[in-house]
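Read in order, the letters of the sequence shown are residues -20 to -1, 1 to 229 in mature numbering (1 follows the signal peptide of the UniProt record, and there is no 0). Glycine included, C-beta positions come from ideal geometry on N, C-alpha and C. Remember, predicted model here, so these are calculated numbers, not experimental data.
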Amino acid sequence: MAKLTLLALTIATLLALASAHKTIVTTVVEEDEIFDTTNPSSQQQQQQHCGRHLQGQQLRQCQTHLQEQNPSQQQQTLQQCCQELRNIDQQCQCRAVKKIFGEVQEQQQQQTGPFGSQQTQRLKQKAENLPNQCNLQTRRQCQIKTPGQCRQEVQGRQFNRCQRYLEQQTGSGYLQTVVSNPEEREQCCQELRNVEVECQCEAMKQVMRQAQGRQHQQQEMGEMRRMVEDLKNQCSLEVQQCQIHSGMF
């Protein structure tokens, strides 16, 4: 009888340990929220996850660091920037760096005019160095596309959902009688979110170019330009600033 009791206690202990181990493993996987970057569906899930995670985060210390030209101040701004990046979900840190690069580039272009290739390259290199300088545990190398690379990437894309949404909103073309709905806007937003964060502004400009190719009236083009610029807010895109110049049409 004593042997049976001992055996029952041993089995119960093993079952409890197995259950606890299973709980721990499950919790870790859920908290890490690991995505398979080789799977397109998983990549899209990661983009959506990081988009939500970074939404509303300004990362001002990192912006200050990228714009800082004084060597004596750069070490201090770097430390503050690194702290900001360490507070970001590990799998979203590279996307955060790209977000910072895009925002700083847009700000400086508005202040000083279009960037030269050397200025862009220096800013790009400084941003790409952040993961190493901050000892971030990013899962992949963080390479940032230049504006020229972004233009090449989006030129081959057809943003049909965004074109449909714009035409419905302006009441032009064969969709004149169709009533716009939030689903159409969300489908357009998804097209833009599927673009790398540093290329989202260029994607919005490509949407405008494609609308221009449909030969809308000048008044409608002005209305569409305002609508496209507002997509960054409507879609909660990570790109903070994106001006579409009227000279495009």
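Could you check where the alpha helix (DSSP H) with residue i kicks off and where it finishes?
i: Val208; result: 198 to 214
i: Thr57; result: 51 to 66
i: Glu164; result: 162 to 173
i: Gly136; result: It is not in any alpha helix (DSSP H) - Gly136 carries neither H nor E in the DSSP assignment.
i: Gln186; result: 180 to 192
i: Ile80; result: 73 to 92
i: Glu48; result: Glu48 -> no alpha helix (DSSP H), and no H or E assigned at all.
i: Thr126; result: Taken as a continuous stretch (DSSP letters only), Thr126 belongs to no alpha helix (DSSP H), as it is neither H nor E.
i: Gln117; result: Careful: Gln117 lies outside any alpha helix (DSSP H) and carries neither H nor E.
i: Gln99; result: 97 to 108
Checking 7 Å against the spacing of the C-beta atoms, do residue i and residue j come in under that value?
i: Gln179; j: Lys125; result: Note that residue 179 corresponds to Cys in the displayed sequence, not to Gln. The answer is yes: Cβ separation under 7 Å.
i: Met184; j: Cys222; result: yes
i: Glu182; j: Val134; result: yes
i: Gln167; j: Arg189; result: no
i: Gln47; j: Val77; result: no
i: Ile224; j: Arg194; result: no
i: Val175; j: Val208; result: no
i: Gln70; j: Gln41; result: no
i: Ile80; j: Leu34; result: no
i: Tyr145; j: Arg165; result: yes
For residue i, does the count of other Cβ atoms within 10 angstroms reach 16, so buried, or fall short, so exposed?
i: Gln156; result: Legend: pLDDT at Gln156 = 44, less than 50; position of this residue unreliable, value from coordinates given subsequently. Gln156 should be labelled exposed.
i: Pro20; result: With a pLDDT of only 47 at Pro20, under the threshold of 50, the placement of this residue in the model should not be trusted, and no figure is reported.
i: Thr18; result: Any reading at Thr18 needs caution, since the residue's pLDDT is 47, under 50, leaving its predicted position unreliable; the model's value is listed next. Its Cβ having fewer than 16 others within 10 Å, Thr18 is exposed.
i: His45; result: buried
i: Glu163; result: exposed
i: residue 230; result: No answer is possible for residue 230: the residues shown for the chain start at -20 and end at 229.
i: Lys212; result: buried
i: Gly31; result: buried
i: Gly202; result: exposed
i: Thr118; result: buried
i: residue 231; result: The requested residue 231 does not occur in the structure, where the chain is confined to residues -20 to 229.
i: Pro51; result: exposed
i: Arg75; result: buried
i: Thr150; result: buried
i: Gly136; result: exposed
From this set, the options, which residue's C-alpha is nearest residue i's C-alpha?
i: residue 233; options: Gln26, Leu34, Gln49, Thr57; result: An answer regarding residue 233 cannot be provided, because it is not within the stretch -20 to 229 covered by the chain.
i: Asn115; options: Gln25, Gln91, Val177, Leu58; result: Leu58
Could you tell me whether the Cβ of residue i comes closer than 7 Å to any Cβ of chain B?
i: Cys215; result: The chain inventory of the structure shown lacks chain B, comprising one protein chain alone.
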